[in-house]
Structures are given as C-alpha cells and as structure tokens.
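Q:
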Amino acid sequence: MFKNKKYWILMPPFLLLAILLILFLPTDLKPYSIISVLIFWVTYYIWNYADKNQNKTQK
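Residues are numbered in our numbering as their position in the sequence shown, beginning at 1, plus a constant of 196.
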C-alpha cells in the first residue's frame, strides 16, 4: 500500500494520539480528535515537499 518510510514513521504516534484523544476527551470535545489526523497529513506532505526540494538543490 504505502511504501514511503515517512508515512510509517509518522503514522503510529499520530494514530495512538487520535485513539487516546477519542478515549479520554469529554464527549463534547471528541470531534477535536480529528485534528490529530489533519496534523499528520500536513506534516507528511510538508516533509515530502521539503525532501523533494532538498533533492532538487543537490542535483
């Protein structure tokens, strides 16, 4: 499925964070646990973008 190492490095801590937020947040705040998923994708895409730009400048 995903062969990118960055995905597998970032996914476990963010998944754990999302699960913990779902379990321990009060009922009215549980929807905020989705923010951890959004932060995961933003971090993942920024990391990929920075890596591609670094590779371009080295060539």
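All C-beta atoms, glycine included, are put in the ideal place defined by N, C-alpha and C.
For residue 199, which of helix, strand or coil comes out of DSSP?
A: coil
Q: Is the region 209 to 221 touching the region 231 to 240, taking contact as three or more C-beta pairs under 8 angstroms?
A: yes
Q: Quick one: give me the first and last residue of the alpha helix (DSSP H) that residue 252 is part of.
A: 230 to 254
Q: Excluding the 5 residues flanking residue 243 on each side, which residues of the same chain have their C-beta closer than 7 angstroms to its C-beta?
A: 202
Q: Where residue 226 and residue 254 are concerned, what is the direct C-alpha to C-alpha distance, given to the nearest angstrom?
A: 44 angstroms
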